[in-house]
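So the sequences go chain by chain: A and B.
With this note's numbering applied, the first sequence closes on residue 337, and no number is skipped along the way.
With this note's numbering applied, the second sequence closes on residue 337, and no number is skipped along the way.
2 protein chains.
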Amino acid sequence: MISNSDLKKYNKKADYSYTFGMFPTFELLKNCPGHVEKVLMHSTISEDVREKVTELCREKGIEVLESSRLIEKLRDKESCLLIGVLDKYEMEIRHDADHIVLVNPSDSGNVGTILRTALGFGIRDIAIIEPAVDIFSPKTIRASMGAMFSMRVQLFPSFDAYRTVYGGERTLYPFMLKATKKLGQVEVGDGHFGLIFGNEATGLDESFLSVGQSVIISHSSDIDSLNLSLATGIAIYEFTRRKFN
Amino acid sequence: MISNSDLKKYNKKADYSYTFGMFPTFELLKNCPGHVEKVLMHSTISEDVREKVTELCREKGIEVLESSRLIEKLRDKESCLLIGVLDKYEMEIRHDADHIVLVNPSDSGNVGTILRTALGFGIRDIAIIEPAVDIFSPKTIRASMGAMFSMRVQLFPSFDAYRTVYGGERTLYPFMLKATKKLGQVEVGDGHFGLIFGNEATGLDESFLSVGQSVIISHSSDIDSLNLSLATGIAIYEFTRRKFN
Numbered sequence: 093m094i095s096n097s098d099l100k101k102y103n104k105k106a107d108y109s110y111t112f113g114m115f116p117t118f119e120l121l122k123n124c125p126g127h128v129e130k131v132l133m134h135s136t137i138s139e140d141v142r143e144k145v146t147e148l149c150r151e152k153g154i155e156v157l158e159s160s161r162l163i164e165k166l167r168d169k170e171s172c173l174l175i176g177v178l179d180k181y182e183m184e185i186r187h188d189a190d191h192i193v194l195v196n197p198s199d200s201g202n203v204g205t206i207l208r209t210a211l212g213f214g215i216r217d218i219a220i221i222e223p224a225v226d227i228f229s230p231k232t233i234r235a236s237m238g239a240m241f242s243m244r245v246q247l248f249p250s251f252d253a254y255r256t257v258y259g260g261e262r263t264l265y266p267f268m269l270k271a272t273k274k275l276g277q278v279e280v281g282d283g284h285f286g287l288i289f290g291n292e293a294t295g296l297d298e299s300f301l302s303v304g305q306s307v308i309i310s311h312s313s314d315i316d317s318l319n320l321s322l323a324t325g326i327a328i329y330e331f332t333r334r335k336f337n
Numbered sequence: 093m094i095s096n097s098d099l100k101k102y103n104k105k106a107d108y109s110y111t112f113g114m115f116p117t118f119e120l121l122k123n124c125p126g127h128v129e130k131v132l133m134h135s136t137i138s139e140d141v142r143e144k145v146t147e148l149c150r151e152k153g154i155e156v157l158e159s160s161r162l163i164e165k166l167r168d169k170e171s172c173l174l175i176g177v178l179d180k181y182e183m184e185i186r187h188d189a190d191h192i193v194l195v196n197p198s199d200s201g202n203v204g205t206i207l208r209t210a211l212g213f214g215i216r217d218i219a220i221i222e223p224a225v226d227i228f229s230p231k232t233i234r235a236s237m238g239a240m241f242s243m244r245v246q247l248f249p250s251f252d253a254y255r256t257v258y259g260g261e262r263t264l265y266p267f268m269l270k271a272t273k274k275l276g277q278v279e280v281g282d283g284h285f286g287l288i289f290g291n292e293a294t295g296l297d298e299s300f301l302s303v304g305q306s307v308i309i310s311h312s313s314d315i316d317s318l319n320l321s322l323a324t325g326i327a328i329y330e331f332t333r334r335k336f337n
């Protein structure tokens, strides 16, 4: 247990993190109660939220602390009246599932948005190749709207480390501007897939041309490239369209 | 002409705005030179950028001012070494074109990302229904990566004001959770279209069910809704797929 006086502003090196605000905190409580240390509530929170939090925490055996002072010390925005304190935990992606593979993503907002979109289209397993953004930062958690707590996000030290364990059992599709096939021309088979995306600024390097079937989301020459979360969202939509249309 | 001493931190009410950083400033200079008041350069800017800016501005007859003090006063991030000062101008969308219609968008990052994505798929005409985010804020311009300067973005006081002038000549597709058709089932015809999206938090109200053909991007029940810029990007991809695949 972390004592209240030990709780500090979020730090990447700490072994605990926070959910800021109602939406991610409820997702945390519902989906990962075992990783919650405690819940902090501001005295000005509305009565119905107070009741809902109190009941949910009683049910799950989680401590609720009303401390406006502590919330004001930890939060990043004045509007935040509810904070979940959680242990960082390790996750393992499944073999028998489709994957999104993010190589060196550097923007926590992008990664959070990608998690939420992936979950929206039924993909719950995300591989992240380091170096990468801190997946447990409150900013990533918020951008995912708490989707992270219904998913498995596993870190790998290199793409090869991912490929060795998971590459053989699925078709890999690296998304890159030099790719040999357009997204709309890919025939999605029945087996599992892994959709691979590079860093926001640099994309995937040429070595990925020899990984599986490279794909380009072709667009006009008026822009250099699509935003990473947009490209990922469009790709996920296309690869799962049979399920949702 | 605005005198240098009159230049203040960006204000929504001012009749001028700024491009912060190289990418949006170059897009401004290339595509809208007639609206540029002047360009400000920091003394620590790299030699090749300095040359490129100086040459482009000489060609277009635009004043370049080296003033680190002024840049440090105006910029929002320390990394910004180049600022374009531009007059806010009015734009009119075309009749003979596809449109994106954003009803009451409230997040400038979303609007900028949507502009960039639309341009990427060949749509240059955007209607924005007020109240809405400030389209000339440096944050919107930056999120659009300067795409705004190759596009027409027109504000309307109400959806009816848009519909009266532009609704008759195109099929309108409001995107909403209660829609009657799934995106993948829409048959995109040869005529022009208008894709309509609601506010980030509230979406489109039920009155839009009677506007044209309502559409849903169906997804799993694990998330409440897709992020606005993601939903817009996926819709634009689907409606333009014949052109780019």
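No residue lacks a Cβ here, since even glycine has one placed at the ideal position from N, Cα and C.
- [ ] With 8 Å as the C-beta to C-beta threshold (strictly closer), list the residues of the stretch 247–276 of chain A near chain B in chain order.
- [x] Residues K274, L275 and G276.
Task: Residue interval of the beta strand (DSSP E) (run including E158/A) - done: First-last of the beta strand (DSSP E) with E158/A: V156 to E158.
Open item on the list: Does the CB of I315/B have a neighbour CB from chain A at under 8 Å?
Closed with: Answer yes: the Cβ-Cβ gap between I315/B and chain A drops below 8 Å somewhere.
- [ ] Would you tell me roughly how many angstroms separate the C-alpha atoms of E139/B and K101/B, rounded to the nearest one?
- [x] E139/B and K101/B have their C-alpha atoms roughly 27 Å apart.
Open item on the list: Can you confirm whether the stretch 279–288 of chain A touches the stretch 236–247 of chain A when touching is taken to mean that 3 or more C-beta pairs between the two stretches lie within less than 8 Å?
Closed with: Contact between the stretch 236–247 of chain A and the stretch 279–288 of chain A is absent: fewer than three C-beta pairs spanning the two stretches fall below 8 Å.
Task: Beta-carbon proximity list for S160/B, same chain, < 8 Å, skipping 5 on both sides - done: Excluding positions up to five away in sequence, the list reads H134, S135 and T136.
Open item on the list: I need the straight-line Cα distance from A293/A to F112/B, nearest angstrom please.
Closed with: In this structure, the alpha-carbon of A293/A lies about 18 Å from that of F112/B.
Task: Coil, strand or helix - P266/A by DSSP - done: P266/A carries a strand assignment under DSSP once its states are collapsed to helix, strand and coil.
Task: L82/A to F115/A span [Cα, whole Å] - done: What is shown of chain A runs 93 to 337, which leaves residue 82/A out entirely.
Open item on the list: Suppose only complete runs of 4+ residues qualify. What are the alpha helix (DSSP H) ranges in the stretch 164–249 of chain A, listed by chain order?
Closed with: If one requires a minimum length of 4 residues, the alpha helix (DSSP H) runs lying completely within the stretch 164–249 of chain A are 200–212 and 230–235, in chain order.
Task: Test: S310/A CB closer than 8 Å to a CB of chain B - done: Closer than 8 Å to some Cβ of chain B, the Cβ of S310/A qualifies, so yes.
- [ ] Go ahead and label L157/B buried or exposed: buried means 16 or more other beta carbons lie within 10 angstroms of its beta carbon, across all protein chains shown.
- [x] Exposed, because fewer than 16 other Cβ atoms sit within 10 Å of the Cβ of L157/B.
- [ ] Output yes or no for whether 8 Å exceeds the beta carbon distance between Y329/A and F241/A.
- [x] Y329/A is not a Cβ neighbour of F241/A, given a cutoff of 8 Å.
Open item on the list: Assuming the contact rule is C-beta atoms closer than 8 Å, V225/A and P197/A should be a hit. Round their C-beta distance to whole Å, please.
Closed with: Cβ-Cβ separation between V225/A and P197/A: approximately 5 Å, consistent with a contact (criterion under 8 Å).
Task: For S317/A, three-class secondary structure by DSSP - done: Residue state, collapsed to three classes: coil.
- [ ] Would you verify that the beta carbon of G198/B is, or is not, closer than 8 Å to some beta carbon of chain A?
- [x] Reading the sequence as shown, one finds Ser at residue 198/B and not Gly. With 8 Å as the cut-off, S198/B does not count as an interface residue toward chain A.
Open item on the list: My output table needs one value for T111/B: the three-state DSSP class, helix, strand or coil.
Closed with: Under the three-state reduction of DSSP output, T111/B falls in the strand class.
Open item on the list: Please report the distance separating the alpha-carbon of V307/A from that of R333/A.
Closed with: Looking at the two C-alpha atoms, the distance is approximately 17 Å.
Open item on the list: So, with DSSP's three-state summary, where would you put N96/A?
Closed with: Here N96/A sits in helix by DSSP.
Open item on the list: Rounded to whole angstroms, what is the Cα-Cα separation between L318/B and F285/A?
Closed with: When the Cα atoms are used, L318/B and F285/A turn out to be separated by approximately 22 Å.
TODO: Would you kindly check if the distance between the Cβ of K152/A and the Cβ of L132/A is under 8 Å?
DONE: It is not a contact, given that the beta carbons lie outside the stated cut-off.
Task: Three-way DSSP call (helix, strand, coil) for I288/A in this model - done: Correct three-state label for I288/A: strand.
TODO: Say whether chain A places a C-beta atom closer than 8 Å to the C-beta of N291/B.
DONE: Not one chain A Cβ lies under 8 Å of N291/B.
Task: Spatial neighbours of T117/B in its chain, beta-carbon cut-off 6 Å, leaving aside the 5 residues before and after - done: If we look at T117/B and ignore the five residues flanking it on each side, its Cβ neighbours are T111, L174 and G176.
Task: Cβ pair V303/B, L264/B closer than 8 Å - done: Contact annotation: V303/B and L264/B have beta-carbon atoms nearer than 8 Å.
- [ ] In angstroms with no decimal places, state the Cα-to-Cα distance between E261/B and Q305/B.
- [x] When only Cα atoms are considered, E261/B and Q305/B end up about 14 Å apart.
Task: Where L148/A falls: helix, strand or coil (DSSP) - done: The answer is helix: DSSP assigns L148/A an H, G or I state.
Task: Option nearest N202/B by Cα separation, candidates F331/A, L322/A, N103/A and A327/A - done: Looking at F331/A, L322/A, N103/A and A327/A, the one whose alpha-carbon comes closest to that of N202/B is L322/A.
Open item on the list: Classify E298/A: buried if its beta carbon has 16 or more other beta carbons within 10 angstroms, exposed otherwise.
Closed with: It counts as exposed.
Open item on the list: By the three-class DSSP mapping on this structure, what secondary structure does G283/B have?
Closed with: The three-state reading of DSSP puts G283/B in coil, since its state is none of H, G, I, E or B.
Open item on the list: Can you check which of these residues, G259/A, K105/A and K144/A, is closest to R186/A by C-alpha distance?
Closed with: Taking only the C-alpha atoms, the option nearest R186/A is G259/A.
- [ ] Could you give the DSSP three-state label for E326/A: helix, strand or coil?
- [x] Reading off the sequence shown, one finds Ile at residue 326/A, where the question assumed Glu. Helix, per DSSP.
Open item on the list: 8 Å is my cut-off, CB to CB: does Y329/A come that close to chain B?
Closed with: Closer than 8 Å: yes.
Task: Endpoints, beta strand (DSSP E) assigned at K335/A - done: Looking at the DSSP string, K335/A is not in any beta strand (DSSP E); the run it does join, the alpha helix (DSSP H), is R333 to F336.
Task: Bridge partners - E308/A, DSSP secondary structure assignment - done: The question names Glu, but residue 308/A is Ile in the sequence shown. Bridge partners of I308/A according to DSSP: K274/A.
TODO: Could you please tell me which residues of the stretch 201–222 of chain A, in chain order, have their CB closer than 8 Å to any CB of chain B?
DONE: Within the stretch 201–222 of chain A, the residues whose Cβ lies closer than 8 Å to some Cβ of chain B are T205, R208, T209, L211, G212, F213 and G214, listed in chain order.
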